[in-house]
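Below is one structure, written out as structure tokens; the observations come after it.
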Amino acid sequence: MSSEVAADDHPPEPPSLPEEVFLDCVVREPRTDYPILSLVSEKFRSLVTSPKVYKLRSLLGYKEHCLYVAISKNQTSTIRWYTLGRKPNNNLRLVPVPSLPPMPLHASYVVSGSSIYVMGGFHRWGLITPRVSRIDCVSHTVQPLPRMPKAVAGSVSKLVDRKIYVIGGSDTRSPKLKSFSKRIMVFDTEAKTWKVKRRPNWKVGQKWLSSVEMAGKIYMRSYSNSYVYEPKKGKCKLDPILHSKEWSNSCVIDDVLYYYDVRKNCLRAYDLKKRAWGVVKGVELGPFEDGSWSRTASYGRKLAVFLQKAVAVTETTEIWYAEVVVKRHQRGEIWGNVKWYGLVLDGKSCIMDCLAVKM
Numbered sequence: 001m002s003s004e005v006a007a008d009d010h011p012p013e014p015p016s017l018p019e020e021v022f023l024d025c026v027v028r029e030p031r032t033d034y035p036i037l038s039l040v041s042e043k044f045r046s047l048v049t050s051p052k053v054y055k056l057r058s059l060l061g062y063k064e065h066c067l068y069v070a071i072s073k074n075q076t077s078t079i080r081w082y083t084l085g086r087k088p089n090n091n092l093r094l095v096p097v098p099s100l101p102p103m104p105l106h107a108s109y110v111v112s113g114s115s116i117y118v119m120g121g122f123h124r125w126g127l128i129t130p131r132v133s134r135i136d137c138v139s140h141t142v143q144p145l146p147r148m149p150k151a152v153a154g155s156v157s158k159l160v161d162r163k164i165y166v167i168g169g170s171d172t173r174s175p176k177l178k179s180f181s182k183r184i185m186v187f188d189t190e191a192k193t194w195k196v197k198r199r200p201n202w203k204v205g206q207k208w209l210s211s212v213e214m215a216g217k218i219y220m221r222s223y224s225n226s227y228v229y230e231p232k233k234g235k236c237k238l239d240p241i242l243h244s245k246e247w248s249n250s251c252v253i254d255d256v257l258y259y260y261d262v263r264k265n266c267l268r269a270y271d272l273k274k275r276a277w278g279v280v281k282g283v284e285l286g287p288f289e290d291g292s293w294s295r296t297a298s299y300g301r302k303l304a305v306f307l308q309k310a311v312a313v314t315e316t317t318e319i320w321y322a323e324v325v326v327k328r329h330q331r332g333e334i335w336g337n338v339k340w341y342g343l344v345l346d347g348k349s350c351i352m353d354c355l356a357v358k359m
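Per UniProt numbering, residue 1 is the first one in the sequence shown, and the count goes up by one each step.
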């Protein structure tokens, strides 16, 4: 009898919620909160990685950008992917994506839809690979694609009209990543086929330091010059005004190129139409020690600025992240508003690239 009474003292377990209710909760949350939701229960953990969530988000208009960051431990090891996620204390943090395998070092990356294309790189230091793969950012799976006609690392790879243009890159074992190739490789993302074109007559033996795509043109910088390449016309010209600043690891919003100058501690902007450089007012994220650098990505009217700070005392590095909203005022000045700024990863990590993927 006593056992029956004891049993009655324990309330019955609440019935499990239907999957539709779980889905409705998950799709309405920002994707940066998914790492927190995955801690709630096994049910939430499986849902936040389910393709159903992203299909429903798309139908309901809840698409948003997710930031992917390529990290190497010492600039000589393979790449591991991280995403920006929110912690229970509401701070942001770079969270590893365990289901994605290691990627080649000094590959080039191209975003198309909800996918990241990985082009070439060093499979092991000194061994260049012609492999191409596509990362499905919804399922975090990798699909192999037809290989490049020639193995290169450190190339410029940009998407124009559904075609990826692979320009330059090292085809030797030299770590200097200088390009002696006289070809441009073009990958059709729909037909999944390669074509080879002769490159314009720019100087060979250059290392590409940065590149962006603006208005169907590819802007590239080496140590000696900045170039503007028009894929449709097959023409290339120098841009000495663009080259007057040491722009690197840049991104574009509304035909304006942005990069963070860690030496001068300012966010610089190059107006494509005016062909003029300026400084974004209201943004200072330093100071920085020697050996620091920046990476930027754009999503909507926001800038994602990742700053790698060298810490001399501990001989380690810190990766900081700033979310900056930019706006042009009536006088033509561009102002920035820092919405969030903080440490997102520490230890001995090197940020090799950052990408914004909408899904």
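Virtual Cβ for every residue (Gly too), placed ideally from N, Cα, C.
Since the model is a prediction, treat every value here as computed from it, not as a measurement.
For Ile36, no beta strand (DSSP E) run applies; the uninterrupted alpha helix (DSSP H) run containing it begins and ends at Tyr34 to Leu37, by DSSP.
Closest by C-alpha distance to Val48, out of Leu60, Leu56, Val26 and Lys55, is Val26.
Residues of the same chain with a CB within less than 7 Å of the CB of Asn91, apart from the 5 flanking positions on each side, are Gly342 in chain order. In this structure, the CA atom of Val132 is about 28 Å from the CA atom of Ile319. Ala70 is the residue among Ile184, Ala70, Pro149 and Val313 whose C-alpha sits nearest the C-alpha of Ile135.
Rounded to the nearest angstrom, the gap between the Cα atoms of Leu159 and Ile36 is 34 Å.
Per DSSP, the continuous beta strand (DSSP E) segment holding Ser133 begins and ends at Val132 to Asp136. The beta carbon of Lys217 sits closer than 6 Å to those of Val228 and Glu230, all from its chain and outside the five residues before and after it, given in chain order. In terms of Cα proximity to Val256, the closest of Trp277, Cys236, Asn249 and Ala322 is Trp277. For Ile319, the beta-bridge partners assigned by DSSP are Gln308 and Leu345.
Sixteen is the threshold: when 16 or more other Cβ atoms of the shown chains lie within 10 Å of the Cβ of Arg86, as they do, the residue is buried. Ser72 is classed as buried because its beta carbon has at least 16 other beta carbons within 10 Å across all chains shown.
Here Gly169 is buried: its Cβ has 16 or more other Cβ atoms, across all protein chains shown, within 10 Å. Between Val252 and Ala269, the C-beta gap is not smaller than 7 Å, which leaves the two residues out of contact. The DSSP assignment places complete beta strand (DSSP E) segments of no fewer than 3 residues inside the region 243-317 at 251-253, 256-261, 266-271, 276-279, 293-299 and 302-311, in order along the chain.
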